[in-house]
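One rule links them: number in our numbering = place in the sequence shown (from 1) + 352.
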Amino acid sequence: MHVRWCLRKRESMEVRGTEYVSCDEWAFSLLPLDVDLLSMELPEFFRDYFLEGDQRWINTVAQALHLLSTLYGPFPNCYGIGRCAKMSYDLWRKLEEEEDSETKGRRPEIGHIFLLDRDMDFVTALCSQVVYEGLVDDTFRIKCGSVDFGPEVTSSDKSLKVLLNAEDKVFSEIRNEHFSNVFGFLSQKARNLQAQYDRRRGMDIKQMKNFVSQELKGLKQEHRLLSLHIGACESIMKKKTKQDFQELIKTEHALLEGFNIRESTSYIEEHIDRQVSPIESLRLMCLLSITENGLIPKDYRSLKTQYLQSYGPEHLLTFSNLRRAGLLTEQAPGDTLTAVENKVSKLVTDKAAGKITDAFSSLAKRSNFRAISKKLNLIPRVDGEYDLKVPRDMAYVFSGAYVPLSCRIIEQVLERRSWQGLDEVVRLLNCGEFAFTDMAKEDKASSESLRLILVVFLGGCTFSEISALRFLGREKGYRFIFLTTAITNSARLMEAMSEVKA
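Structure follows, in structure tokens:
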């Protein structure tokens, strides 16, 4: 597509000597960040599509899916939710039909593919992350699979860029762990490492030679990585203690559960008055709005006024963006819109229903989080204390308080092998779901291939979601591969909506 555009441009400019010029395209669509994680590195995708309605990246997503199907064979089972997911799927299928010969007759190597729009689950992206990799991202910003650790981590006067992937043996063991378990693990690791060093004291010359040639280099590398991650943990602890992280998490959990809303609102007001961080205050306001299906007019006006007075009137356009995206909305009197939507969904059952629903969504997006949470049991009821060392479900990624909605949807669809039985949830999400199963292709797939699942996040995914699905994979015997337009977190989400650039 881009090559053709260049050729046309060259012709329109009447460039001479074109017979000596050749054009090629570097299709940089997929960047492998890890053994199970691919990124398209399109952080602008979220704002472009979900705020501006710009569909230019749909073709890029479709091309990436086409490339994967060319490499790994056809996908027998496809599930998706969201308008962007559907458009990407349709264009990808069109590309498949045009070049059918490339995958025809191939045995599928990936059994299932999920395409998810980010706006079907804003709550997960807005929550503070507490798994180690998520906290590192929230604190230091992981970029293209690497992170810059400053002097406070390296214990020197220099910063150090570190790759964070499965090749880092220390990191691979703690990346998906709840942060409360990480210090204990690193302490034990340090003791084990010291014990391995101490073994050399009783060695003879031959044993020492083998130790130096075979083990010493690996031990030194492990020691270096261990020191870095201990330094990172200490830095995270200092910053979170300064921010009163426990009180923040307590407020978030109250919002998720729907308890003490007045106290939570007061906490947000205090946050704004203290001018803690414009991004953090905005995030908490959005989390309150989505979990409560919009703010009551009085609270909306009050919080908005306090925010603008505290951080400046230049943030006014940001509120407009958040409202349009459905992140920070004001409740409509009498919930008239919901009543009309319900009548329309009952009366209209064909494709026109999608268009009508989209029209209503553009007027006022509703999250229906509380109802969805109840239907899918997103807030686990636990007798006693939740054991974070031996987690029982995906809720551990948020300290046992909340199962990521996007991950629960994937779990439920995999159990049913369809959207059947999730009709009410889909209606509440108001995103539009689809599914496609090719039994002929599924019959060709091996049992191992059918346990391999590709999850595509359109608009970004968080490390918490990745950790949750890795846990689900271990529990259920699946293996997940992730493709995302970019890695995101609550700060990146708010920055994408902000009209005030830092």
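C-beta: ideal position from N, C-alpha, C; glycine also. Owing to the predicted nature of the structure, the values given are computational and were not obtained by experimental measurement.
According to the Cβ coordinates, are residue 843 and residue 397 closer than 9 Å?
Translated into positions along the sequence shown, residue 843 becomes position 491. Translated into positions along the sequence shown, residue 397 becomes position 45. Contact: no.
Sort 730, 410, 795 by Cα distance to residue 643 and report the nearest one.
For the purposes of this step, residue 643 is taken as residue 291 along the sequence shown, with counting starting at 1. The option with the nearest alpha carbon to residue 643 is 730.
Provide the residue span of the alpha helix (DSSP H) that contains residue 630, from first to last.
On the sequence shown, position 278 is the one that residue 630 refers to. 630-643 is the extent of the alpha helix (DSSP H) around residue 630.
Beta carbon of residue 655 nearer than 9 Å to that of residue 617
Locating residue 655 in the sequence shown gives position 303, counting from the first residue. Locating residue 617 in the sequence shown gives position 265, counting from the first residue. Contact: yes.
Residues in its own chain within less than 6 Å of residue 710 by CB, not counting five upstream and five downstream?
For the purposes of this step, residue 710 is identified with residue 358 of the sequence shown, where counting begins at 1. With a pLDDT of 46 at residue 710, under the threshold of 50, the modelled position of this residue cannot be trusted; read the value that follows with caution. None.
For residue 839, which beta-bridge partners are listed by DSSP?
By 1-based counting over the sequence shown, the position of residue 839 is 487. The partner list for residue 839 (beta bridge, DSSP) reads 813.
What separation, rounded to the nearest whole angstrom, lies between the Cα atoms of residue 601 and residue 756?
By one-based count along the sequence shown, residue 601 stands at place 249. By one-based count along the sequence shown, residue 756 stands at place 404. Looking at the two C-alpha atoms, the distance is approximately 16 Å.
Residue 499, DSSP secondary structure in three states:
For the purposes of this step, residue 499 is identified with residue 147 of the sequence shown, where counting begins at 1. Correct three-state label for residue 499: strand.
Is it right to say residue 507 is buried, meaning 16 or more other beta carbons lie within 10 angstroms of its own, or is it exposed?
Counting from one through the sequence shown, the residue named residue 507 turns up at place 155. Answer is exposed; the Cβ neighbour count stays below 16.
Beta strand (DSSP E) containing residue 466: first to last residue?
Reading the sequence shown from its first residue, position 114 is the one you call residue 466. Unbroken beta strand (DSSP E) run through residue 466: 464-469.
Counting only the same chain and skipping the five closest in sequence on each side, list residues whose C-beta sits under 8 Å from that of residue 856.
Past the edges of the chain, shown from 353 to 854, lies residue 856, and the structure says nothing about it.
Using three-state DSSP, classify residue 786 as helix, strand or coil.
Residue mapping note: residue 786 aligns to position 434 of the sequence shown, counting from 1. Three-state DSSP puts residue 786 in a strand.
Between which two residues does the beta strand (DSSP E) harbouring residue 513 extend?
Counted from its first residue, the sequence shown places residue 513 at position 161. Its beta strand (DSSP E) spans residues 512-515.
Am I right that residue 538 and residue 578 are in contact with their C-beta atoms under 8 Å? What's the rounded C-beta distance?
What you label residue 538 is simply residue 186 of the sequence shown in a count that begins at 1. What you label residue 578 is simply residue 226 of the sequence shown in a count that begins at 1. Contact holds; Cβ gap of about 7 Å.
Are residue 533 and residue 741 touching if we call contact CB-CB under 9 Å?
The residue labelled residue 533 in the question sits at position 181 within the sequence shown. The residue labelled residue 741 in the question sits at position 389 within the sequence shown. Contact: yes.
Cβ distance (whole Å) where residue 535 is taken to contact residue 483 below 8 Å:
Residue 535 sits at position 183 when you count from the first residue of the sequence shown. Residue 483 sits at position 131 when you count from the first residue of the sequence shown. Actually they do not touch by this definition, with Cβ atoms about 14 Å apart.
Where residue 813 and residue 418 are concerned, what is the direct C-alpha to C-alpha distance, given to the nearest angstrom?
In the sequence shown, the residue the question calls residue 813 occupies position 461. In the sequence shown, the residue the question calls residue 418 occupies position 66. Looking at the two C-alpha atoms, the distance is approximately 21 Å.
Collapsed DSSP secondary structure at residue 440 in the structure displayed:
Locating residue 440 in the sequence shown gives position 88, counting from the first residue. Helix.
Three-state secondary structure (DSSP) at residue 299?
The structure shown does not extend to residue 299, since the chain is modelled only from 353 to 854, so the question has no answer here.
Please list, in chain order, all residues of the same chain as residue 424 whose beta carbon is under 7 Å from its beta carbon, the five residues on each side excluded.
In the sequence shown, counting from the first residue as 1, residue 424 sits at position 72. The residues are 461, 462.
Three or more beta-carbon pairs under 8 Å between the stretch 770-787 and the stretch 735-754, yes or no?
no
Residue 729 in three-state terms, based on DSSP
The residue you call residue 729 lines up with position 377 of the sequence shown. Note: residue 729 maps to coil in three-state DSSP.
By how many angstroms is the C-alpha of residue 365 removed from the C-alpha of residue 391?
Walking along the sequence shown from the start, residue 391 turns up at place 39. Walking along the sequence shown from the start, residue 365 turns up at place 13. Taking the straight line joining both Cα atoms gives about 36 Å.
According to DSSP, is residue 524 part of a helix, a strand, or is it coil?
One-based indexing of the sequence shown puts residue 524 at position 172. In the structure shown, residue 524 sits in a helix (DSSP, three-state: H, G or I).
Out of curiosity, what's the CA-to-CA distance linking residue 596 and residue 489?
Residue mapping note: residue 596 aligns to position 244 of the sequence shown, counting from 1. Residue mapping note: residue 489 aligns to position 137 of the sequence shown, counting from 1. Taking the straight line from one Cα to the other gives about 19 Å.
Let's see if you can read the secondary structure: which residues bound the beta strand (DSSP E) around residue 386?
Within the sequence shown, numbered from 1, the residue matching residue 386 stands at position 34. That run of the beta strand (DSSP E) goes 383-386.
Alpha-carbon to alpha-carbon, residue 358 and residue 374:
As a position in the sequence shown, residue 374 is number 22, starting the count at 1. As a position in the sequence shown, residue 358 is number 6, starting the count at 1. The straight-line gap from Cα to Cα measures roughly 11 Å.
Would you tell me roughly how many angstroms separate the C-alpha atoms of residue 665 and residue 853, rounded to the nearest one?
As a working note, residue 665 is residue 313 in the sequence shown. As a working note, residue 853 is residue 501 in the sequence shown. Near 14 Å, if we compare the C-alpha coordinates of residue 853 and residue 665.
Sequence-distant residues of the same chain with beta carbon closer than 6 Å to residue 719, five excluded per side:
Locating residue 719 in the sequence shown gives position 367, where the first residue counts as 1. Closer than 6 Å at Cβ, skipping near neighbours: 642, 645.
Limits of the beta strand (DSSP E) - the one that residue 507 falls within:
Translated into positions along the sequence shown, residue 507 becomes position 155. No beta strand (DSSP E) holds residue 507; DSSP gives it neither H nor E.
Please report the Cβ distance between residue 832 and residue 807, rounded to the nearest whole angstrom; I am assuming they are in contact, meaning their Cβ atoms lie under 8 Å.
Your numbering for residue 832 matches position 480 in the sequence shown. Your numbering for residue 807 matches position 455 in the sequence shown. The pair is a contact, with the Cβ atoms about 6 Å apart (cut-off 8 Å).
Taking residue 527 as the reference, give the member of 468, 497, 640 with the closest Cα.
The count along the sequence shown starts at 1 and reaches residue 527 at position 175. Among 468, 497, 640, the Cα nearest to that of residue 527 belongs to 497.
Of all the options 824, 485, 385, 464, which has the alpha carbon lying nearest to the alpha carbon of residue 798?
In the sequence shown, counting from the first residue as 1, residue 798 sits at position 446. For residue 798, the nearest C-alpha among the options comes from 464.
Could you pull out every residue in the same chain whose Cβ sits closer than 7 Å to the Cβ of residue 691, ignoring the five residues on either side in sequence?
The count along the sequence shown starts at 1 and reaches residue 691 at position 339. Note that residue 691 has pLDDT 45, beneath the 50 cutoff, so the model's placement of it is unreliable and no number is given.
Sequence-distant residues of its chain with Cβ nearer than 6 Å to residue 781 (five each side left out):
Here the question's residue 781 lines up with position 429 in the sequence shown. Only 472 meet the Cβ criterion.
Reducing DSSP to helix, strand and coil, say where residue 374 ends up.
Indexing the sequence shown from 1 puts residue 374 at position 22. If DSSP states are grouped into helix, strand and coil, residue 374 belongs with coil.
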